[in-house]
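Residue numbering for the sequence shown follows my numbering, starting at 16 and increasing by one per position.
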Amino acid sequence: MLFVFGIIALALIAIFNIYAYSLSLSNIGQNAPTFTLKRTALDSSKVPFTSHSLDTPFGSYLQQTLDYAPFSDLFESINATTGTLQTRGEAHVTVVTPPEFDRVLKPAGVTIEEIDDIAKQANIQLSRLTPVCVGRFKGSLPNPKVDADKGTFLLYSLVVADEFGELLAIRKRVFELYRQRGGEGALFQPESFWPHVTIGFDRRDLFVEDGVYKGINFCYAHIHLVD
Numbered sequence: 016m017l018f019v020f021g022i023i024a025l026a027l028i029a030i031f032n033i034y035a036y037s038l039s040l041s042n043i044g045q046n047a048p049t050f051t052l053k054r055t056a057l058d059s060s061k062v063p064f065t066s067h068s069l070d071t072p073f074g075s076y077l078q079q080t081l082d083y084a085p086f087s088d089l090f091e092s093i094n095a096t097t098g099t100l101q102t103r104g105e106a107h108v109t110v111v112t113p114p115e116f117d118r119v120l121k122p123a124g125v126t127i128e129e130i131d132d133i134a135k136q137a138n139i140q141l142s143r144l145t146p147v148c149v150g151r152f153k154g155s156l157p158n159p160k161v162d163a164d165k166g167t168f169l170l171y172s173l174v175v176a177d178e179f180g181e182l183l184a185i186r187k188r189v190f191e192l193y194r195q196r197g198g199e200g201a202l203f204q205p206e207s208f209w210p211h212v213t214i215g216f217d218r219r220d221l222f223v224e225d226g227v228y229k230g231i232n233f234c235y236a237h238i239h240l241v242d
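So, in structure tokens, the structure goes:
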């Protein structure tokens, strides 16, 4: 019976991802560009897990680490259209964000080491991702909190789909631990998760806390896979 439910769950996830992909294409303008990406770019099975556990504000988080080389090529292609972007020189999908850890999980007694253990047990580096589109934010923040955040920003990311819900399952495991420690459930929503790979930005990266959401709403250009 559990096997049947598992098959049904995977089928529903696949249907949702097909729907999400179709919806993303409808968000892309008729004359939008198409960028290319190596077909193996999102395969992180041979990339070592990277832990981020700095004892500094926003220094601890969980990510699926990716090989940067194919994303460097994508960055160069996108930057050729703007000439103003900078890159961190690495590629990853954030699974538990620094604000989620610092403001919610850590105060409840959840450690980054425990989160890393959950990710390793789930083989996070084997999680399967599907490219959806290139996302772009070009504009001003809705509510800049400091003068430095006034004016326009330019940001590009690769929007991806957590094809089989493997990263979401990790977030749900983290939530279970958080609740076991007495954490308030309303403060951490596992499904509030928009997986993406930041490609480049002109001033700084932007986050949900800035009012920027990087889901299919963010789609700007097509992505074409090549060998």
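The beta carbon of each residue, even a glycine, is placed where N, CA and C say it ideally should be.
Between Thr-243 and Thr-65, which are expected to be in contact by the criterion C-beta below 8 Å, what is the C-beta distance as a whole number of angstroms?
For the chain, the structure presents residues 16 to 242; residue 243 sits outside this window and is missing.
For a test of the three-state rule: what should DSSP assign to Ile-231, helix, strand or coil?
In this structure, DSSP gives Ile-231 a helical state, which the three-state scheme calls helix.
Mind checking Asp-294: buried by the 16 CB within 10 Å criterion, or exposed?
Because the chain spans 16 through 242 in this model, residue 294 falls outside it and cannot be assessed.
Beta-bridge pairing of Gly-226 - partner residues as DSSP gives them
Answer is none; Gly-226 lacks a bridge partner.
Check for me: the alpha helix (DSSP H) holding Ser-172 runs from which residue to which?
Per DSSP, Ser-172 belongs to no alpha helix (DSSP H); it is in the beta strand (DSSP E), 167-177.
Residue burial classification, Ser-37 (beta-carbon count within 10 angstroms, cutoff 16)
Bear in mind that a pLDDT of 49 at Ser-37, under 50, signals an unreliable position, so the model cannot answer this.
When DSSP labels each residue in this structure, what does Val-149 get in the three-state scheme?
The answer is strand: DSSP assigns Val-149 an E or B state.
Own chain, CB closer than 8 Å to Phe-50, minus 5 neighbours either side, in chain order:
Taking Phe-50 as the centre and dropping the five residues before and after it, the same chain places the C-beta of Leu-89, Ser-92, Ile-93, Val-149, Ala-236, His-237, Ile-238, His-239 closer than 8 Å to its C-beta, in chain order.
So, is Ser-155 buried or exposed, given that buried needs 16 or more other C-beta atoms within 10 angstroms?
Result: exposed.
For Leu-221, is the classification buried or exposed, using 16 other Cβ atoms within 10 angstroms of its Cβ as the cut-off for buried?
Buried, since its Cβ has 16 or more Cβ neighbours within 10 Å.
Just to confirm the assignment: which complete beta strand (DSSP E) runs, minimum length 3, are found wholly within the region 87-117?
With a minimum length of 3 residues, the continuous beta strand (DSSP E) runs that stay inside the region 87-117 are 106-111.
Range of the contiguous beta strand (DSSP E) that encloses Phe-190
Per DSSP, Phe-190 belongs to no beta strand (DSSP E); it is in the alpha helix (DSSP H), 181-195.
What are the residues that DSSP puts in a beta bridge with Ala-236?
Bridge partners of Ala-236 according to DSSP: Val-149.
Straight-line Cα distance separating Gln-140 from Glu-105:
Glu-105 and Gln-140 have their alpha carbons spaced roughly 15 Å apart.
Can you list, in chain order, the residues of its chain whose CB lies under 6 Å from that of Tyr-83, leaving out five sequence neighbours each side?
Same-chain partners within the cutoff: Glu-105, Ala-106.
Candidates Ser-60, Glu-199, Gln-45, Lys-153: closest to Leu-120 by CA position
The shortest C-alpha separation from Leu-120 is found at Glu-199.
Please list, in chain order, all residues of the same chain as Gly-226 whose beta carbon is under 7 Å from its beta carbon, the five residues on each side excluded.
For Gly-226, where only same-chain residues beyond five positions count, the Cβ hits under 7 Å are Leu-156, Pro-157, Asn-158.
Which residues bound the alpha helix (DSSP H) around Gln-136?
Where Gln-136 is concerned, the enclosing alpha helix (DSSP H) stretches over 127-136.
In terms of alpha-carbon separation, which member of Asn-138, Gln-45, Gly-180, Glu-178 lies closest to Pro-63?
With distances taken between Cα atoms, Pro-63 lies closest to Asn-138.
Considering only DSSP beta bridges, list what Phe-64 is partnered with.
The partner list for Phe-64 (beta bridge, DSSP) is empty, contrary to what the question assumes.
Under the DSSP definition of a beta bridge, which residues are partnered with Ser-75?
The bridge partners DSSP lists for Ser-75 are Ser-68.
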